[in-house]
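Chains as they are written, first to last, in our numbering: chain A, 1 to 652; chain B, 1001 to 1652.
Positions of the beta carbon are idealized from the N, C-alpha and C atoms, including for glycine.
Bear in mind that the values here come from a model prediction, so they are computed numbers and not experimental data.
Number of protein chains: 2
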Amino acid sequence: MMKCTVIFQPSGRRGIVDTEMTLLAAAREFGADIESPCGGAGICGKCKVRVEEGSFQRLGIESKTDHLSPATEEEIEKLGEKEISKNYRLACCAAIKGDVMVYVPEESRAGKQIILETGREREFFIDPVVKNYYLEMCPATLKDQRDDFRRIKDMLEQKYGFQRDIILDYPVVKDLSGIIRRSGWKVTVSIWNEKEIIKVSPGFAENIWGVAIDVGSTTLAAYLCNLRTGETVAKKSMMNPQIVYGEDILSRITYSIMNEEGLAKLHRAIVEAINSLLEALAGEAGLVTAEIVDLVLVGNTVMHHIMLSIDPQYVGRSPFAPAFKGGMNFKARDLGLKINSGSYVHWLPLEAGFVGADNVAVLIAEEPYRQDEKMLIVDIGTNGEIVFGDREKLFSTSCATGPALEGAQIKYGMRAAFGAIEKVIIDPETKDPRIKIIGREGWFKKGDEPLAKGICGSAIIDVCAELFKTGIIDSTGRFNQQSASPRVRRDADGKMEYVLCYAEDTSIGKDIVITQEDIRAIQLAKAALYCGAEYLLEKFGATSPDRIVFAGAFGSYINKESAMVIGMVPDCSLKKVQAVGNAAGDGAKLALLSMKKRREAEGVAQKVGFVEMASEPDFQIRFAEALAFPHKKHKFPSVDYLLDRAGEKDGD
Amino acid sequence: MMKCTVIFQPSGRRGIVDTEMTLLAAAREFGADIESPCGGAGICGKCKVRVEEGSFQRLGIESKTDHLSPATEEEIEKLGEKEISKNYRLACCAAIKGDVMVYVPEESRAGKQIILETGREREFFIDPVVKNYYLEMCPATLKDQRDDFRRIKDMLEQKYGFQRDIILDYPVVKDLSGIIRRSGWKVTVSIWNEKEIIKVSPGFAENIWGVAIDVGSTTLAAYLCNLRTGETVAKKSMMNPQIVYGEDILSRITYSIMNEEGLAKLHRAIVEAINSLLEALAGEAGLVTAEIVDLVLVGNTVMHHIMLSIDPQYVGRSPFAPAFKGGMNFKARDLGLKINSGSYVHWLPLEAGFVGADNVAVLIAEEPYRQDEKMLIVDIGTNGEIVFGDREKLFSTSCATGPALEGAQIKYGMRAAFGAIEKVIIDPETKDPRIKIIGREGWFKKGDEPLAKGICGSAIIDVCAELFKTGIIDSTGRFNQQSASPRVRRDADGKMEYVLCYAEDTSIGKDIVITQEDIRAIQLAKAALYCGAEYLLEKFGATSPDRIVFAGAFGSYINKESAMVIGMVPDCSLKKVQAVGNAAGDGAKLALLSMKKRREAEGVAQKVGFVEMASEPDFQIRFAEALAFPHKKHKFPSVDYLLDRAGEKDGD
């Protein structure tokens, strides 16, 4: 047998092989990753490579085609005459006859880097926990009575190098023999964690689907991903139906304790909601839910417990120890979740107390543990979670911010939806506001269609910041009685309020106002966040963050400057403040698409030091101090801040 | 700290320890196994040892009690004053103060040897797959917010040396926190295979329960065992309710193919039957089924497939490849079996085709793979399985014996129950029979209460042998027309028959007869068994077995001599023929009580070479030859046989 040199570009991997070896086999031998979902059976067409010209002149080669076996029927069918004429080949079909150099196009490379589109770009290698393996087996005969499962194991070893004992999940067992025989002994097996066969599909199944869900107290956000390509093919979100049992997690714990079957009701509500999201996602992608083979869930500790039917009463009261913190895999069928019945549901690990798997997801998305800069991550939901640290150490805490920052418990508060006032600037002279409304471009002008229905969280923070900057409220948050503007007035009960939008400019026929109580609610929320950040900085031994990241859907809308003005977070250059959207959702997706990220989650959940604010002796004092606008430690208005602001205005 | 010498008897294990170490800790260190279900918490009282006298004189010891800490309150409570005065102590409480020698009584030794009571004595070490571990944990505090599961893992590591990652099954998760807190942070965890926590019980749970079931085509036999002591605390059996869908396995396969929902009906029937057996066993032992934490099932390949809801059509036709052969663990809840919901059901491995897990169970009970003698094991059920071999090699085959040997498809056939004729001898001169009836002592005499209702399998074989020996039938099985006895007569249709019992001596008011067709049915059954044995001897390269074992409930009743006379098995000294009862049931129990036996099953199932009789080219010829009484290769009546017979008669 002749020896030939093979070179793969652009990796430059090379080596010497015997003739007749396929390009795919050579690529595996020399570590040049070529994608091959069908395992080299010539049916998926994904291992396309291009035979390179020119480079072989120094090896004295005249015609590259002489150095590979002729194109097979499969290749002509998969690639077409045109690509064949451009020297494309399938690596699994082309046998080496002489020295050859091939180029592996980006699309054919295994372990592609994928960029998630939500929030920000995050690069990682696709390495899902569930993978597909295509197998062609010899039919059973009287001379070869191996059982069907043995046949699968033997092929997995032979074709994919599986060494370890693979187990078979019960639902797979039932129709195994039937599927194998009806599909002519050609099947695709889906293997979880290189350990367990959780699905057997007839013939070649190229794509493989998984779902990541951020189970928020208020909102569920779900993503359907192709586990082979990393692509997000559908997104859906819905309100958490548990809201009817309580707005926040503490009230839901109370509900579960005070009501017979309380936990069962909460549990059922969330399971049904997830099932309807799964249905919707599958429907949008033209799939059935049984095709979804992996599911990653993240959420706070209470959502985690309730979703798993674990009594949340103990995690709701001191000393707040959860039933378990580690990342866990449970069978979807045990939880009543309607995906492929053999599949697992993976809950990312919890950090501690109220800092849950959603925060761990934020961490694996933002990777503060890889940064030299000291990062403050503020995830604002109905419950606020804060993390501070760098590659050396990390601390986290949880703050009961309440739903005010999301527009709830605010007189005209509403979610960030059509008709919500989302941005506010108040003129320091006239005290009149300029507003932006979701659903229309630009600032609202007199005479525009009256769309305003209420105020969403970002505008509430804007209003507080602007009312303070323009002197309409003082640093204690109280209305300035001497304000000359007609917009500052008393309501029927004599309580002070500020009119943000007169009735004729609204779609609700009522003046949209900010009340003294609204401002109080914001003060309580921002004080909780500020205190939390302050404790974390202290534990770490830092005086200020190098960078602040707002995570959470709400974080995307927030006006960073307003947040700084009202003293929601410690001082930081505005250029270093960033909103990253639903980082928890991104983290959940990462854990769905990458085994490495899933392991990383386990590590970071254990690494983060949890700070229990309530057990700090001076918490009450600090909290009271933090209620003021801005926090007394703020250097505002600092030169830095003003410079930042000048720079920001243009981009506004 | 002082060094002391400690000696454990009767093992003789010894070593030097620091003072204050407990006897239990010292025993562990030196490998002297002392049972300690509560892990040394002083609450189970199982680690009782006796401080020895005399032996220490050479060490210059005067008073043994000086060399141990004084008896604690727990010891006095558990042992009582009387035992304390006899120098008994609890090894977990007694701290070493000086040189000491203790005797570990049999009852306190871990890894006791247990003798099963069914069929024959079998010795083995108890080492169940599910074990209990008692844990006392520190309550959670604000300073120690470890999650509950972490706390359990930490204690398992600390107290029992668990190193590996233990996982937690979903049903355990739900009430984990509640159980731990309600029981004052003292729980017993049941761990499966040193891998997974499948149950958490409040406080100290000393005993642990498992069930082994032999799922026969006709009969289910179930045993409830204490997994700590090995004791069988309850036994139950019942008819396989699938019988309404077909008498034998082939007719049940046909039913599943021909009827919509056929498999589902068969599956449901067997699951319900097993559940009712579990209920009955638990009831008899004063338990609830949720206290059963392990379940081992054995049965033939078709029972195995149907019980697991696997379509049996492929295993029922050539090339007979099963869905899987290896031993498998499935969650009881996935199969609808009502034991502890986190528990596994273990099916022992199959050998091949129709040689199922029941036969593997027989093998681990009889251990032919440990014998120098060449053993022929004949397990007679509705389907007959035969194994032949020794420590070098083993071969097996399966024979469609049909239900005739069990009394079915025989005109007056019945199961071995009250009123069944179980034993027959025919006088060579008078041609009159002597019969024994189940339910009364001794041979039936004229004038005795007429109890006879029918003939069970053992008597049918007796009758055939006796009819042949007395010349009433010839070697082809046909009635001798010249027989002078009035008992040999023609029925209304002119067919020959032999009257075994006249109507007045029966409780059914009819003559109990043996028909020509009955004899044909026995011939077919015995020919199948004989042929099978012959092929196995040939494959092995042996001319005769050194020993024959009849397994199966039916095997216990069989008259070895009659079986030999009719040519059911190859020649063998009668002294070397033994009936061992339900060896499959014993094997199932062994797999329940011993991890080692379970592993052994896996090994032997792979080791046995399966012989597919139907694919042997000369099968039809051989089968026809084997129909004769006795088989033409029989040396009967040999000197050996006659000697054996003379010896046997006394014991009859």
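One or two residues paired with residue i in a DSSP bridge
| i | result |
| --- | --- |
| B/S1396 | B/V1387, B/F1610 |
| B/I1421 | B/I1437, B/I1455 |
| B/V1200 | B/V1189 |
| A/N329 | A/H346 |
| B/R1547 | B/M1375 |
| A/K236 | A/A222 |
| B/Y1103 | B/Q1009, B/R1050 |
| A/I380 | A/G384 |
| B/L1297 | B/I1213, B/W1347 |
Any C-beta of chain B under 8 Å from that of residue i
| i | result |
| --- | --- |
| A/Q523 | no |
| A/T515 | no |
| A/T141 | yes |
| A/S177 | yes |
| A/Y170 | yes |
| A/E367 | no |
| A/E117 | For A/E117, the predicted model reports a pLDDT of 47, less than 50, meaning its position is unreliable; a value from the coordinates is still stated below. Answer no: the Cβ-Cβ gap between A/E117 and chain B never drops below 8 Å. |
| A/T5 | no |
| A/Q57 | At A/Q57, the pLDDT of 39 sits below 50, so the modelled position is not reliable and the matter cannot be decided from this model. |
Under 8 Å between C-beta atoms of residue i and residue j
| i | j | result |
| --- | --- | --- |
| A/V378 | A/I191 | no |
| A/L295 | A/V189 | no |
| B/F1149 | A/F324 | yes |
| A/A221 | A/A361 | no |
| B/V1499 | B/D1511 | yes |
| A/I198 | A/D154 | no |
| A/G203 | A/T397 | no |
| A/G454 | A/A420 | yes |
| B/F1550 | B/G1389 | no |
| B/V1104 | B/A1032 | yes |
Any C-beta of chain A under 8 Å from that of residue i
| i | result |
| --- | --- |
| B/R1434 | no |
| B/A1628 | no |
| B/V1293 | no |
| B/V1187 | no |
| B/A1323 | yes |
| B/R1181 | yes |
| B/V1173 | yes |
| B/K1331 | yes |
| B/D1334 | yes |
The ligand HEM heavy atom lying under 7 Å from the CB of residue i
| i | result |
| --- | --- |
| A/A41 | Here there are no bound small molecules, and the ligand HEM is not part of this structure. |
- Task: Identify each residue in the region 1480-1503 of chain B for which the Cβ-Cβ distance to at least one residue of chain A is less than 8 Å, and report them in chain order.
- Result: none
- Query: Should the region 1241-1254 of chain B be regarded as contacting the region 1167-1181 of chain B, the criterion being three or more beta carbon pairs within less than 8 Å?
  - Reply: Taking 8 Å as the limit for Cβ pairs, the verdict is that the region 1167-1181 of chain B does not touch the region 1241-1254 of chain B.
- Query: With a cut-off of 8 Å, do at least 3 Cβ pairs link the region 1620-1627 of chain B to the region 1517-1532 of chain B?
  - Reply: Touching, per the Cβ criterion.
- Contact set between the region 1305-1321 of chain B and chain A, restricted to residues whose Cβ is under 7 Å from the partner: Correct list: L1308, S1309, I1310, D1311, Y1314, S1318, P1319, F1320, A1321.
- In chain order, what residues of the region 140-163 of chain A put their CB closer than 7 Å to some CB of chain B? A140, T141, L142, Q145, R146, D147, D148, F149, R150
- Compile a chain-ordered list of the residues in the region 1352-1364 of chain B whose CB is closer than 8 Å to at least one CB of chain A. A1352, G1353
- Would you check if there are 3 or more beta carbon pairs closer than 8 Å linking the region 1342-1356 of chain B to the region 1366-1376 of chain B? Because the criterion of three Cβ pairs below 8 Å is not met, the region 1342-1356 of chain B and the region 1366-1376 of chain B do not touch.
- Taking only beta carbons into account, state which residues of the region 607-621 of chain A come closer than 8 Å to chain B, listed in chain order. F610, E612, S615
- Using a Cβ cut-off of 9 Å, which residues of the region 1384-1402 of chain B contact any Cβ in chain A, in chain order? Those residues of the region 1384-1402 of chain B placed with their C-beta closer than 9 Å to a C-beta in chain A do not exist.
- Item | Meets three-Cβ-pair contact criterion under 8 Å: the region 1262-1277 of chain B and the region 1302-1312 of chain B | yes
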